[in-house]
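Chemist:
Residue numbers (full-length UniProt numbering), protein chains in the order written: chain A, 1 to 257; chain B, 1 to 313.
1) Just checking my contact of residue 85 of chain A with residue 164 of chain A at CB under 8 Å: how many whole Å lie between their CB atoms?
2) Should residue 261 of chain A be flagged as near chain B, meaning a C-beta pair shorter than 9 Å?
3) Using a cut-off of 7 Å between C-beta atoms, extract the partners of residue 18 of chain B located in chain A.
4) Just reading off the alpha helix (DSSP H) that residue 90 of chain A is part of, what are its end residues?
5) Taking residue 75 of chain A as the query, report the chain B residues whose CB atoms sit under 9 Å from its CB, ordered along the chain.
6) If distances are taken between C-alpha atoms only, which option among B:218, B:297 and B:52 comes closest to residue 195 of chain B?
7) Could you check where the alpha helix (DSSP H) with residue 49 of chain A kicks off and where it finishes?
8) Which same chain residues, not among the five before or five after residue 52 of chain B, have their C-beta less than 6 Å away from its C-beta?
9) From A:14, A:210, A:50 and A:37, pick the residue whose C-alpha is nearest to that of residue 201 of chain A; which is it?
10) Output yes if chain B places a C-beta closer than 9 Å to the C-beta of residue 1 of chain A; else output no.
11) Just to confirm before moving on: does the CB-CB distance between residue 156 of chain A and residue 183 of chain A stay below 9 Å?
12) For chain B, is any of its Cβ atoms less than 9 Å away from the one on residue 111 of chain A?
13) Could you spell out the range, first to last residue, of the beta strand (DSSP E) harbouring residue 61 of chain A?
14) Taking 9 Å as the CB-CB limit, is residue 84 of chain A close to chain B?
15) Run down chain B in chain order and give the residues with a C-beta less than 9 Å from the C-beta of residue 154 of chain A.
16) Mind checking which residues open and close the beta strand (DSSP E) that includes residue 27 of chain A?
17) Which same chain residues end up closer than 6 Å to residue 5 of chain B when comparing Cβ atoms and leaving out the 5 residues on each side of it in sequence?
18) So the beta strand (DSSP E) residue 111 of chain B belongs to, where does it begin and stop?
19) With C-beta atoms as the reference, is residue 264 of chain B less than 9 Å away from residue 96 of chain B?
20) Which partner residues does residue 19 of chain B have in the DSSP bridge list?
21) So, at 8 Å on beta carbons, what are the nonlocal neighbours of residue 8 of chain A in its own chain, with the 5 sequence-adjacent residues on each side left out?
22) Name the residues in the stretch 22 to 45 of chain B whose C-beta lies less than 7 Å from a C-beta of chain A; which are they?
23) Given residue 235 of chain B, which residues of its chain have a CB within under 8 Å of its CB, disregarding the five upstream and five downstream residues?
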């Protein structure tokens, strides 16, 4: 049972085609990793999954079926899509507000009626940050360490109780120990959320994900065009141990990229 | 926290049994309405704000276009009522602005370079930079007549001043004082936009501080610096009050920079608009239109340079 069914997705920024002809099914309550070299369009695809590309003047073709509905459908409100499909960014980006306010921001925005204190605590607990910050909830979120900030951002994302979490290289600005904590967290969260993670780090993909999609760049020498394309999509085990495509094998084994 | 915790049991579901994206939950419906309302209000406010602007452009063009012909720029205002132009004003404005630019742009730029590049190094430097920044902010806001009075009392008047009398130089000084904080402040912002990474890259290649500023920082910020200066010029070119007290005004061409009352377009507009006959008033509108076009050209030029600056980054 898939949460996303991406059908023939293509994205263009002006005359530049970033990715084309991407089709994949993303399973529910599992971690799916998107890997590949720079410029292969993996982040572009990720940003399409909650319509963040709307903000970048991109032309999107094809369909992204989420729970049986095209999220790019004419009647669909992008804000509603993003409420269900949360996002964590490459650099931790807490608001310049207190830790509490960072987590409470989304629920307040969405008119949460209930015990906000409890929701904040639950959210911070589920990212294993509660014990570290419970005595300083009024301190600015920006005063935390990088790894704590990123966990705060994840808590902020899950406080609006989304269905899916998209993560765009969430550990690339963090040290190995903080990275490990985030990876543990991702594995814990997968029982409650469907997670799609873009990563440059192949070991990370191998560690956290069940499914892996390998993207690469198709170079058209004639026109000098570089377009991202999906090369292979399979279980992480298969991709890393027995890839079906030589381009995947070259990348995984470090011969390229 | 799963997908199925639908609070509204009557919610429309998709083929897969999930709540449809079209179903607004929580306050989403109200927010969509508010959003449309706010968009409407903002659009209306924007339209209202633009109305006076368009009216000004329309009126200045309608009434001034008739006065604009070659003679308007090449002849002096006649003592009789017909024909003639604002040559004295255009030349005078060029004199005053030329001097003002030469004084304010290098000084303002130097101030900004000190504040951004050198003032950060020491404690005393930081304190001085804060002080400079504070006073440039204050200077941006002082009334221009105050600047005129200051220069009048200092240079022009013989009672307590140097007694130079009205002259273009005094006008340049006054306009330069008005332009200086604008140049300094905008240049400071532009220099701050240059990423420290580039400075570090330059230092790491063995460049000295001065070479880093000259070969890395200034070229990177150049289009932005030009934009700031251009906007300061646009502001200075239209100043009237300080000129009354420093160059007095003249309807005849004056070639001396340091001696004798000098003309300027804003002053001729001021005089012309109060004349009792149609030709004089039309010349005033013509002067206004030429000033408007001059400022327009400068601003467009500034924006163009600014957009080039953004492409580099």
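Positions of the beta carbon are idealized from the N, C-alpha and C atoms, including for glycine.
Remember, it's a predicted structure, so these values are computed and weren't measured experimentally.
Modeler: Result, derived from the coordinates:
1) Here the question's residue 85 of chain A lines up with position 85 in the first chain. Here the question's residue 164 of chain A lines up with position 164 in the first chain. Yes, residue 85 of chain A and residue 164 of chain A are in contact; Cβ-Cβ is about 4 Å, under 8 Å.
2) Limits of chain A in this structure are 1 at one end and 257 at the other, which puts residue 261 of chain A out of reach.
3) For the purposes of this step, residue 18 of chain B is identified with residue 18 of the second chain, where counting begins at 1. What residue 18 of chain B touches in chain A: 67 and 68.
4) As a first step, residue 90 of chain A must be located in the first chain, where it is residue number 90. First-last for residue 90 of chain A: undefined, no H or E at that position.
5) Along the first chain, one-based indexing puts residue 75 of chain A at 75. By Cβ distance, chain B contributes 21 and 22.
6) Position 195 of the second chain holds residue 195 of chain B. The residue with the shortest Cα to Cα distance from residue 195 of chain B is B:218.
7) Counted from its first residue, the first chain places residue 49 of chain A at position 49. That residue, residue 49 of chain A, is in no alpha helix (DSSP H); it is neither H nor E in DSSP.
8) Counted from its first residue, the second chain places residue 52 of chain B at position 52. Answer for residue 52 of chain B: no residue qualifies.
9) Translated into positions along the first chain, residue 201 of chain A becomes position 201. That would be A:37, whose Cα lies nearest to the Cα of residue 201 of chain A.
10) Along the first chain, one-based indexing puts residue 1 of chain A at 1. So yes, residue 1 of chain A belongs to the interface.
11) If you number the first chain from 1, residue 156 of chain A lands on position 156. If you number the first chain from 1, residue 183 of chain A lands on position 183. No, the Cβ-Cβ distance between residue 156 of chain A and residue 183 of chain A is not below 9 Å.
12) Stepping through the first chain from its first residue, residue 111 of chain A is reached at position 111. Yes, contact with chain B.
13) Residue 61 of chain A sits at position 61 when you count from the first residue of the first chain. 59 to 66 is the extent of the beta strand (DSSP E) around residue 61 of chain A.
14) Numbered from its first residue, the first chain carries residue 84 of chain A at position 84. It does: the Cβ of residue 84 of chain A has a partner Cβ on chain B nearer than 9 Å.
15) Against the first chain, residue 154 of chain A aligns to sequence position 154. Per Cβ cutoff of 9 Å: no residues; residue 154 of chain A is ~13 Å from chain B at best.
16) In the first chain, residue 27 of chain A corresponds to position 27, counting from 1. Note, residue 27 of chain A: beta strand (DSSP E), 16 to 27.
17) On the second chain, position 5 is the one that residue 5 of chain B refers to. Only weak support exists for where residue 5 of chain B lies, its pLDDT of 45 falling under 50; the coordinates are left without a value.
18) Within the second chain, numbered from 1, the residue matching residue 111 of chain B stands at position 111. Segment 87 to 113 is the alpha helix (DSSP H) holding residue 111 of chain B; no beta strand (DSSP E) there.
19) Along the second chain, read from residue 1 onward, the residue named residue 264 of chain B stands at position 264. Along the second chain, read from residue 1 onward, the residue named residue 96 of chain B stands at position 96. Cβ atoms of residue 264 of chain B and residue 96 of chain B: closer than 9 Å.
20) Reading the second chain from its first residue, position 19 is the one you call residue 19 of chain B. DSSP, once it has assigned bridges, lists B:13 as partnering residue 19 of chain B.
21) Residue 8 of chain A sits at position 8 when you count from the first residue of the first chain. Same-chain partners within the cutoff: 21, 22, 23, 61, 62 and 63.
22) 22, 24, 26, 27, 28 and 32
23) Here residue 235 of chain B is taken as the residue at index 235 of the second chain, counted from 1. Cβ neighbours of residue 235 of chain B beyond the five flanking positions: 178, 179 and 182.
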